[in-house]
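Residue numbers (our numbering): 3 to 601. Down below is the structure, laid out as structure tokens.
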Ligand SMILES: [Zn+2]
């Protein structure tokens with residue numbers, strides 16, 4: 003039986019020409035070799051399995067070749083090339099920095115560099131996974147890397163460029179390797195398959211290329227595995243089986259269930275998939291990828307990002323037209339959340355089923371939320387108008403009315419003082435002055451216009467009373483009357499739909515002096531409400547109780563006040579600061595003796 007060599011080794015490219023998918027690098031290297039402008043250090047970065055080490059080896063072989071071609075390739079037949087191909091050349095040294103990352107390893111390498119090559123022109127040192135070198139090893143290497151002998155060339159390879167020290171980066175010529183594209187991988191696999199006499203379906207190869215995500219080494223080992231299992235027949239179906247990929251067909255069916263809101267169908271289908279041995283998270287992940295593909299198909303500009311088996315492309319594009327973009331975005335959201343929480347879920351199956359339930363009713367939910375949004379908008383504007391309409395005229399009237407009501411002679415004021423009836427309360431409420439109730443109207447008519455504010459209203463009122471020489475005939479302020487008037491005012495506020503009614507109801511009222519009472523608010527917010535309606539309330543109560551000298555004080559309930567910070571005990575540092583404030587010499591003492599404070 004023929005000795006088996008894995009494809010990745012057997013078909014490792016031997017010339018720049020055969021490297022897959024890295025033309026931008028091979029062309030540059032070939033040109034450098036042709037013109038003889040060779041840097042002394044190179045850094046090859048890029049994902050794993052895309053040809054970094056391969057390119058490094060080809061480079062080493064080519065610059066040592068005794069008769070290079072005019073394209074800057076190795077001849078592949080001279081003594082040097084043969085020794086390279088057989089792996090016996092003394093001019094190539096490979097160091098795996100992942101396992102040899104100490105200073106001693108690097109010192110040994112630097113030691114070797116001092117000796118010129120026995121045969122050939124160049125000695126090439128390839129250091130793989132160079133980011134694994136310890137920083138001491140990096141530093142031991144710097145000098146050699148900067149000024150190596152003319153015959154030494156260094157090629158550093160890494161998958162993690164960001165871990166390389168800037169001092170190394172600045173001494174190297176940097177080459178960035180790309181992921182190998184789907185099509186390049188498929189073509190390469192197809193070439194190998196035909197050389198190996200394997201019957202390979204194109205769709206199967208596309209699946210392999212998809213799974214390997216741009217890593218040629220992975221793609222080749224998958225190919226090897228499937229070929230050896232299937233004795234040379236590679237089809238779409240056996241590739242699916244071996245790669246443990248769920249056929250996209252299932253996702254199309256699942257999506258059908260979602261769009262029809264067919265929960266039963268979806269759950270049965272999931273059960274079917276589960277029985278085939280696919281775990282919940284791979285279903286969630288696969289379905290999310292399916293959703294992503296549909297989303298991409300929506301726009302022809304990004305359709306090139308669609309990485310599916312070629313024969314499915316049209317099916318995806320057609321299907322995408324049936325699905326709403328909003329639905330797809332929400333669906334990806336649900337799946338993403340579900341996948342993230344999958345690990346911590348106890349009942350994995352239920353977890354996935356729950357996601358399917360959500361997706362089934364997602365369409366309905368989207369409609370509902372769209373309706374609710376429209377409804378909500380309407381409500382908000384309605385409310386806003388109500389508030390503005392009611393609040394503003396009340397305040398304006400109040401301002402006009404107050405001086406009028408207060409500046410009246412005592413006689414007219416007396417007219418107002420009557421036992422208020424329930425009807426009057428209603429009439430008085432929103433429009434104190436305009437109300438058709440005869441006594442109030444009279445008061446308004448008597449108003450002169452010279453008084454601007456109500457700050458000194460009480461003084462004016464007293465003056466007026468003194469001038470008239472009338473003895474105060476105000477009704478006395480009693481708790482009973484006050485409570486009654488307070489309740490009546492709350493009723494007015496409620497009638498106006500003014501939110502202040504609640505703070506008014508919660509507030510505690512206390513009679514302080516003959517004509518003065520106090521309202522105690524429970525908290526800051528209630529205080530503000532009371533404050534805003536204070537003038538109106540006072541005016542209302544004056545009329546209600548029949549006491550023109552009535553005053554309303556406002557306080558905040560003591561229990562809600564902020565605690566007195568000054569009463570707190572001082573920390574050691576604060577004690578020290580206090581001490582320094584009083585006796586500045588203490589600080590000097592500390593500074594002179596360099597004392598540390600024991601806080
Ligand atoms: Zn050669």
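Beta carbons: idealized from backbone N, C-alpha and C, even for Gly.
Check	Outcome
Through-space distance from residue 344 to residue 148, alpha-carbon basis	51 Å
Length of the line joining the Cα atoms of residue 23 and residue 189	11 Å
Which of helix, strand or coil DSSP assigns to residue 57	helix
Residues surrounding ligand 1 [beta-carbon distance to nearest heavy atom under 5 Å]	67, 76, 77, 80, 83
Simplified DSSP assignment, three categories, for residue 477	coil
Validate contact between the region 38-56 and the region 79-93 using beta carbons, cut 8 Å, 3 pairs	no
Residue 95 versus 119, 74, 84, 106, residue with shortest Cα-Cα distance	119
Inter-residue spacing [alpha-carbon to alpha-carbon] between residue 209 and residue 307	16 Å
Helix, strand or coil at residue 232 [DSSP, three-state]	helix
Contact check, residue 47 vs residue 67, beta carbons under 8 Å	no
Sequence ranges, beta strand (DSSP E) only - wholly within the region 52-119, length at least 3	94-98
DSSP three-state assignment for residue 531, whether helix, strand or coil	helix
Unbroken beta strand (DSSP E) run spanning residue 188, endpoints	Element bounds for residue 188: not the beta strand (DSSP E) but the alpha helix (DSSP H), 184-197.
Length-filtered (4 minimum) alpha helix (DSSP H) runs lying within the region 112-164	137-148
Neighbourhood of residue 294 by C-beta distance below 8 Å, restricted to the same chain and skipping five residues each side	334
Residue span of the alpha helix (DSSP H) that contains residue 299, given as start and end	282-299
Residue 35, DSSP secondary structure in three states	helix
Limits of the unbroken beta strand (DSSP E) element including residue 520	518-523
Contact with chain C by residue 223, beta-carbon distance below 8 Å	Protein chains in the displayed structure number just one, and chain C is not present.
Sequence-distant residues of its chain with Cβ nearer than 8 Å to residue 394 (five each side left out)	Low confidence applies to residue 394: its pLDDT is 45, below 50, so where it sits in the model is not reliable enough to give any reading.
Residue from 51, 110, 546 whose Cα sits closest to the Cα of residue 222	51
Nearest neighbour of residue 552, chosen from 530, 577, 527, 513 [CA to CA]	513
Exposure of residue 501, with buried meaning 16 or more beta-carbon neighbours within 10 Å	exposed
Residue 525 versus 557, 260, 498, residue with shortest Cα-Cα distance	557
Counted within 10 angstroms of its Cβ, other Cβ atoms place residue 69 as buried (16 or more) or exposed	exposed
Exposure of residue 599, with buried meaning 16 or more beta-carbon neighbours within 10 Å	exposed
DSSP state of residue 262 mapped onto helix, strand, coil	helix
Coil, strand or helix - residue 211 by DSSP	helix
Segment contact flag, the region 93-107 with the region 121-132, C-beta cutoff 8 Å, min 3 pairs	yes
Touch test, the region 191-199 against the region 158-175, Cβ-Cβ under 8 Å, three pairs minimum	no
Among 49, 32, 37, 43, nearest to residue 64 - alpha-carbon criterion	32
Alpha helix (DSSP H) segment containing residue 243, residue limits	238-245
Straight-line Cα distance separating residue 85 from residue 27	25 Å
Own chain residues within Cβ distance below 7 Å of residue 103, not counting five before or after	134, 135, 136, 139
Beta-bridge partners of residue 513, as assigned by DSSP	519
Segment limits, alpha helix (DSSP H) that includes residue 319	315-322
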